[in-house]
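Residue numbers (the numbering used here), protein chains in the order written: chain A, 734 to 968; chain B, 198 to 390.
Below you can see the structure in the form of structure tokens.
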């Protein structure tokens, strides 16, 4: 065999040897654990990293809960500032689709007011007289709008259930156009103030009907005053 | 809230880097074995490289596994070179073992106990020859022959001009040939420079 041939063969051997050098050697099984330990020790922040999907999911859920809570709070705040009528419409609409019964069924105005007096932080006025209209007092519901308890006297008109919400004036900001009907989902809202009270009539009726009913209630509504219930609420 | 989202992205990036690093561990270890004298040195080198990479996870190219592996290999090479420059230690290697039959493993693919032994002996002799090279030359020949990198990639990793890389690899080959010629008597006459 010539020197050149030997040299070529040696080169091939070396090249192949380098390519396969330590090809059958595996790192120690605990090497990665050692790397992780040292990395976590030198970089404590990484110790708080979510290493498993369950932690990531939990973190995501917490994040969503925070975002949802923030959004809901903002919604409620917003409703108290500029969309109080919409909030009341949504409240009545939700009551209708829930199929829940009234909190109290009572056609006598004074008896109905007495039921609320024990449950409110202020002395609510009696439900206004509907006069000669076809609307009929049927009972009431105790509502919670944001942090305020609100009286809801319930009426029926041609089979349609309506709410007259009553709360204190200073419980919610008043908008300039509250005397106009605001509509949503087929429901209308019209509001007014009297004394210390704020009234909101809500129902699935046309604007003109709602306006006429509101005028009737204004004419017959009892004098209201801001006297806090000294007995305090029962609930 | 934005901060939370950003942190989540950072965590995802870190998890991906950990996944890629773990997958690259055998190749990094193999390279480290070729560069260092002992198994312990190789393990330390890989460990230091991985820890340094994890600490810099925000800079890691985690879009592709191959890019991430190349990035980690560069870190390993840099640590090796820095360490050698700092310690200035010279490998002391003995070449006096009997390697009369070590080339036998290359002739046949059959894995008899004798061929496995010869392969191991050849590997040991080649490793010893590697360790007699300068660390820079060793790095380059390992990256070229073992890792399959081109001259330009090696020049990028080692921050050395490509011409220098080529000449150092050529010299390293020649040196290895001489060392192995002595180790393998069959080729004693092959090198006559």
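Beta carbons: idealized from backbone N, C-alpha and C, even for Gly.
The beta carbon of residue 377 of chain B is closer than 8 Å to those of 322, 323, 326 and 384 in its chain, skipping five residues each way along the sequence. With contact defined as three or more Cβ pairs closer than 8 Å, the segment 864-877 of chain A and the segment 886-900 of chain A are in contact. Closer than 7 Å to the CB of residue 933 of chain A there is not a single CB belonging to chain B. Cα atoms of residue 949 of chain A and residue 917 of chain A: separation of roughly 23 Å, rounded to the nearest angstrom.
Note that the C-beta distance between residue 259 of chain B and residue 210 of chain B is below 7 Å.
By the CB criterion at 7 Å, residue 772 of chain A and residue 251 of chain B fall inside the cutoff. Within chain A, the residues whose beta carbon sits less than 7 Å from that of residue 342 of chain B are 748, 751 and 752, listed in sequence order. Restricting attention to beta strand (DSSP E) runs no shorter than 3 residues, the segment 870-896 of chain A encloses them at 881-890, ordered along the chain.
The Cβ atoms of residue 874 of chain A and residue 859 of chain A do not sit closer than 7 Å to each other. Taking 7 Å as the cut-off, the Cβ atoms of residue 242 of chain B and residue 339 of chain B do not count as close.
Judged by DSSP in its simplified three-state form, residue 254 of chain B adopts helix. In the DSSP assignment, residue 918 of chain A falls outside any beta strand (DSSP E) and carries neither an H nor an E. Using a Cβ distance threshold of 7 Å, residue 942 of chain A and residue 822 of chain A do not count as a contacting pair. Contact check for residue 218 of chain B and residue 247 of chain B: beta-carbon distance about 5 Å, within the 8 Å limit, so the pair qualifies.
If you draw a 10 Å sphere on the C-beta of residue 316 of chain B, you find 16 or more other C-beta atoms in it, and that means buried. Annotation for residue 933 of chain A: the continuous beta strand (DSSP E) segment containing it runs 930-936.
The three-state reading of DSSP puts residue 755 of chain A in coil, since its state is none of H, G, I, E or B. Under DSSP, residue 901 of chain A forms a beta bridge with A/930.
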